[in-house]
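Chains as they are written, first to last, in the working numbering: chain A, 1 to 599; chain B, 1 to 291; chain C, 1 to 234. We put the CB at the ideal spot given by N, CA and C, even for glycine. Values in this document were obtained by computation on a predicted structure and should not be read as measured data. For reference, the structure discussed in these notes is given below.
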Amino acid sequence: MKKKLRSYILNTCAVAALYGLAMLLIGSGAVNNYYLGIMLSAGISIVMAVSLNLTTGLLGQLALGHAGFMGVGAYAAALLSIHIGVDAQYIFPLSLFFGGLVAAIFGLIIGIPALRLGGDYLAIITLGFGEILRVLIINLDFTGGARGLRGIPRVTDFTYVYIVVALVVAVMFALGRSRHGRAILSIREDPVAAEASGIPTTYYKIFAFTLASFFAGVAGGLYAHYIGVLNPKNFGFAKSIEYLVMVVLGGMGSITGAVGAATVLTVLPEALRQFSDYRMLVYSLLLIMMMLFRPTGLLGTREFSLTALADRLLRRKPQAPDFAALAGELPPAALTHRLGEPPAPGAPALLRATNLGIQFGGLKAVSGFDLALEQGEIVGLIGPNGAGKTTVFNLLTNVYLPTAGGIEMEGRNIVGLPTHAITQVGIARTFQNIRLFKNLSVLDNVKIAFHNQMQYTPLEGTLRLPRYWWEEKLADARAYQLLHVFDMEGLADKQARNLPYGQQRKLEIARALAANPKLLLLDEPAAGMNPTETQELLATIRRIRDTFGVAVLLIEHDMSLVMGLCERLVVLDYGQIIATGTPEEIKRDPKVIGAYLGQ
Amino acid sequence: MIVLRQLINGLHVGSIYALIALGYTMVYGIVKLINFAHGDIIMVGSYVAMVLMAQAGLPFWAAMAASMALCGILGVTMERVAYKPLRSLPRINSLITAIGVSLLLQNTSQLIFSPNPQPFPTAFKVPPVSIGGLDIGFITLFTIVVSVGLMLALQAFVRATKMGKAMRAVSEDMGAAQLMGINVNTTVSVTFAIGSVLAAIGAVLYSSAYPSIAPTMGSLPGLKAFIAAVLGGIGVLPGAMLGGFIMGVAESLTKGFISSQLADAVVYGILIVVLLVKPSGILGRRTNEKV
Amino acid sequence: MLSVKGLEVYYGAIHALHGVSFDVAQGEIVSLIGANGAGKSTVLKTLSGLLRAKNGEAFFMKHSLRAMEPHSIVQAGLAQVPEGRRVFQQMTVQENLEMGAFTQRDRAAIEQGFEHVFARFPRLKERRRQLAGTLSGGEQQMLAMGRALMSVPKLLMLDEPSMGLSPILVNEIFSIIAEVSASGTTILLVEQNARMALSIAHRAYVLETGRIVMSGDAKELLGDDAIQKAYLGH
Numbered sequence: 001m002k003k004k005l006r007s008y009i010l011n012t013c014a015v016a017a018l019y020g021l022a023m024l025l026i027g028s029g030a031v032n033n034y035y036l037g038i039m040l041s042a043g044i045s046i047v048m049a050v051s052l053n054l055t056t057g058l059l060g061q062l063a064l065g066h067a068g069f070m071g072v073g074a075y076a077a078a079l080l081s082i083h084i085g086v087d088a089q090y091i092f093p094l095s096l097f098f099g100g101l102v103a104a105i106f107g108l109i110i111g112i113p114a115l116r117l118g119g120d121y122l123a124i125i126t127l128g129f130g131e132i133l134r135v136l137i138i139n140l141d142f143t144g145g146a147r148g149l150r151g152i153p154r155v156t157d158f159t160y161v162y163i164v165v166a167l168v169v170a171v172m173f174a175l176g177r178s179r180h181g182r183a184i185l186s187i188r189e190d191p192v193a194a195e196a197s198g199i200p201t202t203y204y205k206i207f208a209f210t211l212a213s214f215f216a217g218v219a220g221g222l223y224a225h226y227i228g229v230l231n232p233k234n235f236g237f238a239k240s241i242e243y244l245v246m247v248v249l250g251g252m253g254s255i256t257g258a259v260g261a262a263t264v265l266t267v268l269p270e271a272l273r274q275f276s277d278y279r280m281l282v283y284s285l286l287l288i289m290m291m292l293f294r295p296t297g298l299l300g301t302r303e304f305s306l307t308a309l310a311d312r313l314l315r316r317k318p319q320a321p322d323f324a325a326l327a328g329e330l331p332p333a334a335l336t337h338r339l340g341e342p343p344a345p346g347a348p349a350l351l352r353a354t355n356l357g358i359q360f361g362g363l364k365a366v367s368g369f370d371l372a373l374e375q376g377e378i379v380g381l382i383g384p385n386g387a388g389k390t391t392v393f394n395l396l397t398n399v400y401l402p403t404a405g406g407i408e409m410e411g412r413n414i415v416g417l418p419t420h421a422i423t424q425v426g427i428a429r430t431f432q433n434i435r436l437f438k439n440l441s442v443l444d445n446v447k448i449a450f451h452n453q454m455q456y457t458p459l460e461g462t463l464r465l466p467r468y469w470w471e472e473k474l475a476d477a478r479a480y481q482l483l484h485v486f487d488m489e490g491l492a493d494k495q496a497r498n499l500p501y502g503q504q505r506k507l508e509i510a511r512a513l514a515a516n517p518k519l520l521l522l523d524e525p526a527a528g529m530n531p532t533e534t535q536e537l538l539a540t541i542r543r544i545r546d547t548f549g550v551a552v553l554l555i556e557h558d559m560s561l562v563m564g565l566c567e568r569l570v571v572l573d574y575g576q577i578i579a580t581g582t583p584e585e586i587k588r589d590p591k592v593i594g595a596y597l598g599q
Numbered sequence: 001m002i003v004l005r006q007l008i009n010g011l012h013v014g015s016i017y018a019l020i021a022l023g024y025t026m027v028y029g030i031v032k033l034i035n036f037a038h039g040d041i042i043m044v045g046s047y048v049a050m051v052l053m054a055q056a057g058l059p060f061w062a063a064m065a066a067s068m069a070l071c072g073i074l075g076v077t078m079e080r081v082a083y084k085p086l087r088s089l090p091r092i093n094s095l096i097t098a099i100g101v102s103l104l105l106q107n108t109s110q111l112i113f114s115p116n117p118q119p120f121p122t123a124f125k126v127p128p129v130s131i132g133g134l135d136i137g138f139i140t141l142f143t144i145v146v147s148v149g150l151m152l153a154l155q156a157f158v159r160a161t162k163m164g165k166a167m168r169a170v171s172e173d174m175g176a177a178q179l180m181g182i183n184v185n186t187t188v189s190v191t192f193a194i195g196s197v198l199a200a201i202g203a204v205l206y207s208s209a210y211p212s213i214a215p216t217m218g219s220l221p222g223l224k225a226f227i228a229a230v231l232g233g234i235g236v237l238p239g240a241m242l243g244g245f246i247m248g249v250a251e252s253l254t255k256g257f258i259s260s261q262l263a264d265a266v267v268y269g270i271l272i273v274v275l276l277v278k279p280s281g282i283l284g285r286r287t288n289e290k291v
Numbered sequence: 001m002l003s004v005k006g007l008e009v010y011y012g013a014i015h016a017l018h019g020v021s022f023d024v025a026q027g028e029i030v031s032l033i034g035a036n037g038a039g040k041s042t043v044l045k046t047l048s049g050l051l052r053a054k055n056g057e058a059f060f061m062k063h064s065l066r067a068m069e070p071h072s073i074v075q076a077g078l079a080q081v082p083e084g085r086r087v088f089q090q091m092t093v094q095e096n097l098e099m100g101a102f103t104q105r106d107r108a109a110i111e112q113g114f115e116h117v118f119a120r121f122p123r124l125k126e127r128r129r130q131l132a133g134t135l136s137g138g139e140q141q142m143l144a145m146g147r148a149l150m151s152v153p154k155l156l157m158l159d160e161p162s163m164g165l166s167p168i169l170v171n172e173i174f175s176i177i178a179e180v181s182a183s184g185t186t187i188l189l190v191e192q193n194a195r196m197a198l199s200i201a202h203r204a205y206v207l208e209t210g211r212i213v214m215s216g217d218a219k220e221l222l223g224d225d226a227i228q229k230a231y232l233g234h
């Protein structure tokens, strides 16, 4: 917290100093109107690039109509200023907000259908939206049609632009480092794993897209009141592409990168004005070269940090957060997961699957699958590769919708619930082909799964209200505690992609546990581990069960693990259960020997 | 009668959109790239044909052949230099490169030919053909016949030839195709070559219909053809053709009976409705990700 | 015939193979066994040129595989039946087989290839006009094998041919592998079903977390205590 405070003060001072300097230069006449115009344009571009970065860089969804939202905001804000009958300079902030609001409503209307689909659909639909918008503006009367909307009061000045830029950038940073921002990032990294970690992905996609539209609308308002005349052509596809290029060149996902690229790409063409014939040629060549030789953009996903720079200048060593001390500050009750109450006699089973089945085309991948699990049990699901074991996991977590049968969790039907809701009900899982949030830190990988156990709202998070601090602190401490179970607390700052294979598997289990499950589904947790690691894993899984009281259902081929760990085994072959029983019974079962274990 | 006339006009533009859309859809099918520079190949094709006809005095056929050859080479070079090195990276990278290539082509041609529109020479000085009392311009008839012929030929190529089958195999599973001994790089090059050659033919036909060419002329038919490809189901050849015809006819009917201003809005509206009802496009297939 | 020395392969930061070395002689069936994630498929993918090795060498009949493109490797006579079969679902059985013969130039040889494959897999002949995606799992495995055989490989690599198949089908597939071997094709078999693999192989290598930890005569490995414990469930 002390470190954060220092960083806030440093950045606030820098922002204020930069403003002071700029105002001094403008006041002294050192910056003439031409340069001031470039500065204002750059500011507006920054807002556009930073907001598009939210959709494309942080959320990972390609949008090709960002300028369209700017246009909506520009027209909405301008029309309000023109028609309200009050001097525009008094209501300018209201106009800007109104522009943002209308753009956000458009974003919502477009985002809801487009973002449910995923893939390239958002790109295509936003592209269509931008064009439809242009055509509509030309054909409507109140927008001034093709002649353009004239007579907009030119009240945008440096102070307004500067404040909006500073606010938008600050909101992006604050949001990015909250549970909501982590939810957005997790979708970019792996939507399936995000959903399995309890993140309502569709909600957050729409949230991020709408927020980006809002900021684009505000930028549009600034633009309208700066330029004075609006022409539908200025919000077309080419303009959207220009902003996209800024985001990509800055480094997708880097907020400071977007700021830098937006500034450079606004100033550069002006600087090259005397070579105007070759300007665009150079620009296009740069774009191609950049992608070929530096495909991650200027900053990649990194951020420029003033605090880090200051630390380096002052030769202060960045200190790792002291999690142990952190854990000490918290009341012990906050740290431990509650152990489940022992079930009342006659209570429904923790999980009950009855006659579960699914067909792909004509192929019955799983059929007649029955299973009842009690709290704290460790059960193994074994069988040859391709027998349908992972399909069972996908059915239990509703990645696939079963074509037959039912699933109940503590007596409640969970068929048809979205995957993230199933995680909230208490089923968490790992994946056969490890699905971590690779570009995020080990700590964030775990913290993402705490999402539903935290309550602070996006506003509380952005304003850094007390609940944010308290819950984040708790989350850090609990994440640290979980990592400690796997001996990984020393790796908290590392990028998940840089961990060795065995550690990645363990991190995935830690992340699943972070979702506070009653039932943990592990898909081949020992795959890729050597015998020593496998034995360690065996002990860890048992300890997890004893500490957290979870039931474990695991798919595994390693017989030493399965036989040593599981209390009960279910053998699947060709999509059907061929045997159930204790490891000893299974070892002797002739059917199992024939299909799987062999003579 | 007016309906019929508009319908034929619609088929005329629609078949050009379809020709161009084939290039988008083939490239998307095989490397999952929205090749934004495809529209600019139309522009290059038109300028090449224009220069050869108006300045070098070549006949229509020769100019068209030269334009096809040049565009084919351009398409392949584009892929080799700008897209191939990025094949293993996230798709947004090649998308941005495609935008870069598009701007490069537009600005180069602006330097050579100036930004001002230039007339495209009339190819056929033939009187309209009268069918059942309806006068149809020769170029309209020619365009529809050539386009439909080319589409059928392409369909046959992809169905029946070794290279065509290899293209389908690569677009379905690039890794498995490599294990068959299929040279993926050659296959992708051939795909770009075919797409670009079709675009060149589309260019000459387009410029004959709207005989004023400019460095940015490719954007509009490019965008519309892309939408046609999406409408029909991107990656599916018959889908591109169907999408092209639907676009052309819808545009032409709107122009004729509602308002020429709203033609584009109607077209995009159809796209959005189709995507909402069937996200993979009219003839597209939905693919599921394996977990 | 195939000689692999010190193969090192990375997936990003993950070190998947730590110096894998083994040999396959003409006419042999050699099996690579090991748990899921041990790196078996990685070995085959690297040999086929789909992955690039960071260090090490692989020679196939005088060819250095490291410098070759995937299609030239197939042309040189090294074919692979990939894990999960990966037949071209939207193409017919016949077209899938034609793709398998992609490197063959001689029409007569291709015709002969069809005859051989149809003789070995009569069910494929019945279904030659059907789309491969509509075949059952066992038929798809046969198609994948037939498709690889169309290139008339000198060495055939199979990745988990038993995956997802019922015991009867597994037996059928393995007896076909033995027949293919008997007709003169050398076989490198990657299998998670160690018992099946060891029962038909001459020699085997055991892969564990990217390293060869054991090798030897297949029959001896079948009787080995450590192997029995780790892979055979005793």
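Cross-chain neighbours of residue i in chain C, by beta carbon under 8 Å
i: lysine 165(B); result: Met91, Glu95, Glu98, Met99
7 Å Cβ cut-off: residues of chain B touching residue i
i: serine 284(A); result: Gly100, Leu103, Leu104, Asn107
Proximity test, Cβ basis, 8 Å: residue i and chain B
i: serine 41(C); result: no
i: alanine 230(C); result: no
i: proline 167(C); result: no
i: valine 50(A); result: no
i: serine 48(C); result: yes
i: histidine 234(C); result: Interpretation of histidine 234(C) is limited by its pLDDT of 49, a score under 50 that renders its predicted location unreliable; the figure taken from the coordinates is listed afterwards. Not an interface residue.
Where residue i meets chain A, residues with beta-carbon distance less than 8 Å
i: serine 3(C); result: Chain A residues near serine 3(C): none, gap ~26 Å exceeds 8 Å.
i: threonine 97(B); result: Leu287, Ile288, Met291, Leu292
Cβ-Cβ distance between residue i and residue j below 8 Å
i: proline 90(B); j: tyrosine 121(A); result: no
i: glycine 388(A); j: valine 366(A); result: yes
i: leucine 133(A); j: glycine 68(A); result: yes
8 Å Cβ cutoff, residue i in contact with chain A
i: histidine 12(B); result: no
i: threonine 209(C); result: yes
i: glycine 164(C); result: yes
i: asparagine 185(B); result: no
i: glycine 12(C); result: yes
i: isoleucine 272(B); result: yes
Chain C residues whose Cβ lies nearer than 7 Å to that of residue i
i: aspartate 558(A); result: Ala35
Under 7 Å from the C-beta of residue i: neighbouring residues of chain A
i: glycine 72(B); result: By Cβ distance, chain A contributes nothing, its closest Cβ being about 21 Å from glycine 72(B), past 7 Å.
i: tyrosine 268(B); result: Gly128, Glu131, Ile132
#### Entry: Chain-ordered residues of the region 136 to 161 of chain C with a beta carbon less than 8 Å from chain B
Taking 8 Å as the upper bound on Cβ-Cβ separation, chain B lies near residues Arg147, Ala148, Ser151 of the region 136 to 161 of chain C.
### Task
Tell me, please, whether the region 157 to 165 of chain B touches the region 99 to 114 of chain B by the rule of three or more beta-carbon pairs shorter than 8 Å.
Taking 8 Å as the limit for Cβ pairs, the verdict is that the region 99 to 114 of chain B does not touch the region 157 to 165 of chain B.
### Message
Measuring CB atoms only, is the region 63 to 80 of chain B touching the region 193 to 205 of chain B, in the sense that at least three cross pairs come out at less than 8 Å?
### Response
Yes, since at least three Cβ pairs between the region 63 to 80 of chain B and the region 193 to 205 of chain B fall closer than 8 Å, the two stretches touch.
### Message
Would you call the region 219 to 228 of chain B in contact with the region 92 to 99 of chain A, where contact means no fewer than 3 C-beta pairs closer than 8 Å?
### Response
Proximity of the region 219 to 228 of chain B to the region 92 to 99 of chain A falls short of the contact definition, fewer than three beta-carbon pairs being nearer than 8 Å.
### Task
Would you check if there are 3 or more beta carbon pairs closer than 8 Å linking the region 443 to 458 of chain A to the region 398 to 411 of chain A?
Contact between the region 443 to 458 of chain A and the region 398 to 411 of chain A is absent: fewer than three C-beta pairs spanning the two stretches fall below 8 Å.
### Task
Tell me, please, whether the region 49 to 62 of chain C touches the region 72 to 85 of chain C by the rule of three or more beta-carbon pairs shorter than 8 Å.
The region 49 to 62 of chain C vs the region 72 to 85 of chain C: in contact.
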